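A quick write-up on the structure given underneath.
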Amino acid sequence: MRKFALTLATLVALALPLTAQADDHAKKTHTAGDITVSDHWTRAMPPAAAVGGGFMVITNAGSEPDRLVGLSTPRAGSGEVHEMKMDGGVMKMRELADGLEIPAGGSVTLEPGGYHVMFMGVEDGFKEGEMIPVTLVFEKAGALEIMMPAGPVGSKMHPGHTH
Amino acid sequence: MRTIRWTAWILVVLVAGLTVAVLVSPNIRDNLLGKPGTGSGVAAIGGAFTMVDHTGKPVSDRDFVGKPSVYFFGFTHCPDVCPTSLYDISTLMEDLGPEADKLNVSFVTVDPERDTAQVMSDYISPFDSRIVGLTGTPEQVSDMTKAFRVFSRKVNLEDGGYTMDHTATIYLMDAEGTFAGTIAYGEDTETALGKLRNLIARS
Ligand SMILES: [Cu+2]
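Just so you know, the sequences run in chain order A and B. Those letters in the first sequence? Residues 1 to 163, per the numbering used here, in order. Those letters in the second sequence? Residues 164 to 366, per the numbering used here, in order.
Quick look at the structure:
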């Protein structure tokens, strides 16, 4: 019995930092130069889907604007910076050929229905709970590696939010 | 003064006569007010179509008569709006519970080149199992989108692939297949739920 309790305590002790770490990982902010990325997430893809969107908040603490110009992930054939727009009930998605400007001292939110990073040519669809490694490329701040937690299929908010 | 009074009286008689004619004659009424149902005043939305469902079975508009129907258009190479709409509709159907059995709910592809019946079947599998996926030949799909006044257009992407601009509105049809309203993309849940309950109650 005592041995069992001890094992249990050990397991709990081992598991606690693990869950804390996973949680931490999802909520963590990533910084390169003046650019900080927070609240980054993606979502699980329905089977047969070959594309996905990634979302985040990008803050620029610098005194000059920067641009998100590209991205890559080992999980997708290619990645692009896109804008989604509703135009008289018609959904239009376009690549931002010049990237997405992050104003000096300001921030830009990538969210469903607006800007997103688009993953294309995904062979092994993202599953809920997975962490997707993504490298963002900024014109001035350079490359920034982030881990995007995958929320449920079709969800509209960061998986860390419970409301 | 007398001329003005006479003119006024003639006008009154004319207006009264026209009103009676409109009320009595179905032809004049339909021309002025639009025929109920077929709507000669407003562009009719919906009509005949033949497609293939996600199990590979040929279907037509006749298969959807008898129950009110919900149609929305999209494609599987869609990172944002389409999975969101499918998720939202699944949530609405869950909220309606067994009442949702009284509806036909269809997700119609605007990208038949890539969206085969098998792809549609896989794609809709995480969502409410009552949702039917519809695809077909490019002609069948283009006929159906035209009938529903749905805009769709292929747009090339940098990497060599393409995306589809398309109408994201959800279409509501009554049990006879007549257009009964829309739910806009992103419309709030309570309003959308009210519209669906209304549609079920009316049929
Ligand atoms: Cu996109």
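The beta-carbon is built from N, C-alpha and C at its ideal position, and this holds for glycine as well. A quick note: this is a predicted structure, and the numbers were derived from the prediction, not measured.
N-terminal and C-terminal residue of the beta strand (DSSP E) that residue i is part of
i         : result
Arg316(B) : 315-319
Lys85(A)  : 76-87
Ser269(B) : 267-272
Met327(B) : 325-330
Thr298(B) : 294-298
Met147(A) : 142-151
Thr31(A)  : 30-32
Lys127(A) : Lys127(A) -> no beta strand (DSSP E), and no H or E assigned at all.
Ile333(B) : 333-336
Gly121(A) : 115-122
Start and end residues, alpha helix (DSSP H) containing residue i
i         : result
Tyr250(B) : 244-259
Val222(B) : Looking at the DSSP string, Val222(B) is not in any alpha helix (DSSP H); the run it does join, the beta strand (DSSP E), is 221-223.
Tyr234(B) : That residue, Tyr234(B), is in no alpha helix (DSSP H); its beta strand (DSSP E) goes 232-237.
Gly229(B) : Note, Gly229(B): premise wrong, no alpha helix (DSSP H); not H, not E.
Asp306(B) : 301-310
Val210(B) : Reading off the sequence, residue 210(B) comes out as Gly, not Val. Run containing Gly210(B): none; DSSP gives neither H nor E here.
Met283(B) : 280-287
Cα-Cα separation between residue i and residue j, rounded to whole angstroms
i         : j         : result
Thr135(A) : Arg312(B) : 41 Å
Lys198(B) : Ala207(B) : Annotation note: pLDDT 43 at Lys198(B) (below 50); position unreliable, no value reported.
Gly204(B) : Thr354(B) : Any reading at Gly204(B) needs caution, since the residue's pLDDT is 46, under 50, leaving its predicted position unreliable; the model's value is listed next. So the two alpha carbons sit approximately 27 Å from each other.
Thr279(B) : Gly142(A) : 41 Å
Asp34(A)  : Gly62(A)  : 5 Å
Asp216(B) : Thr308(B) : 16 Å
Glu83(A)  : Ala76(A)  : 19 Å
Thr213(B) : Lys265(B) : 22 Å
Glu262(B) : Arg293(B) : 12 Å
Asp337(B) : Tyr286(B) : 27 Å
Gln21(A)  : Phe290(B) : With a pLDDT of only 43 at Gln21(A), under 50, the local geometry of the prediction cannot be trusted, and no value is derived from it.
Arg360(B) : Gly229(B) : 16 Å
Val153(A) : Arg365(B) : 33 Å
Val327(B) : Tyr115(A) : The question names Val, but residue 327(B) in the sequence shown is Met. Answer to the nearest angstrom: the Cα atoms are 17 Å apart.
Ile102(A) : Gly340(B) : 49 Å
Thr300(B) : Ala211(B) : 15 Å
Val117(A) : Ser288(B) : 25 Å
Phe314(B) : Ala97(A)  : 25 Å
Val37(A)  : Leu144(A) : 9 Å
Val244(B) : Glu257(B) : 20 Å
Leu179(A) : Leu68(A)  : This structure cannot speak to residue 179(A), because chain A is shown only from 1 to 163.
Met45(A)  : Gly52(A)  : 7 Å
Glu128(A) : Glu139(A) : 31 Å
Arg225(B) : Ser155(A) : 34 Å
Gly79(A)  : Met120(A) : 6 Å
Asp322(B) : His240(B) : 14 Å
Pro165(A) : Glu130(A) : Limits of chain A in this structure are 1 at one end and 163 at the other, which puts residue 165(A) out of reach.
Met86(A)  : Gly113(A) : 8 Å
Thr247(B) : Val268(B) : 15 Å
Gly200(B) : Gly209(B) : Low confidence applies to Gly200(B): its pLDDT is 43, below 50, so where it sits in the model is not reliable enough to give any reading.
Phe238(B) : Lys28(A)  : 34 Å
Asp39(A)  : His158(A) : 7 Å
Gly105(A) : His329(B) : 36 Å
Glu371(B) : Arg168(B) : Nothing about residue 371(B) can be read from this structure; chain B reaches only from 164 to 366.
Asp306(B) : Gly160(A) : 43 Å
DSSP bridge partner residues for residue i (one or two, in chain order)
i         : result
Ser107(A) : Thr59(A)
Ser38(A)  : Val57(A)
Arg43(A)  : Gly151(A)
Leu68(A)  : Leu100(A), Phe138(A)
Gly344(B) : Leu335(B)
Ile95(A)  : Here residue 95(A) is Glu; the residue named in the question, Ile, does not match the sequence. The partner list for Glu95(A) (beta bridge, DSSP) reads His82(A).
Pro133(A) : Met147(A)
Asp351(B) : Beta-bridge pairing links Asp351(B) to no other residue.
Asp291(B) : BP columns for Asp291(B) are empty, so no partner.
Gly52(A)  : Phe119(A)
Asp216(B) : Leu297(B)
CB contact check: residue i to chain E, cutoff 8 Å
i         : result
Thr308(B) : In the displayed structure, chain E is absent; the protein chains listed are A and B.
| Per the contact definition of three or more C-beta pairs closer than 8 Å, is the stretch 340-350 of chain B in contact with the stretch 271-278 of chain B? | Taking 8 Å as the limit for Cβ pairs, the verdict is that the stretch 340-350 of chain B does not touch the stretch 271-278 of chain B.
| the stretch 104-113 of chain A / the stretch 51-66 of chain A touching (three or more Cβ pairs under 8 Å) | The answer is yes - the stretch 51-66 of chain A touches the stretch 104-113 of chain A, with three or more Cβ pairs under 8 Å.
| query | Counting pairs of beta carbons, one from the stretch 232-245 of chain B and one from the stretch 331-338 of chain B, are three or more of them closer than 8 Å? | reply | Yes, since at least three Cβ pairs between the stretch 232-245 of chain B and the stretch 331-338 of chain B fall closer than 8 Å, the two stretches touch.
| said: Three Cβ pairs or more, each shorter than 8 Å: is that satisfied between the stretch 119-130 of chain A and the stretch 217-225 of chain B? | reply: No, the stretch 119-130 of chain A is not in contact with the stretch 217-225 of chain B.
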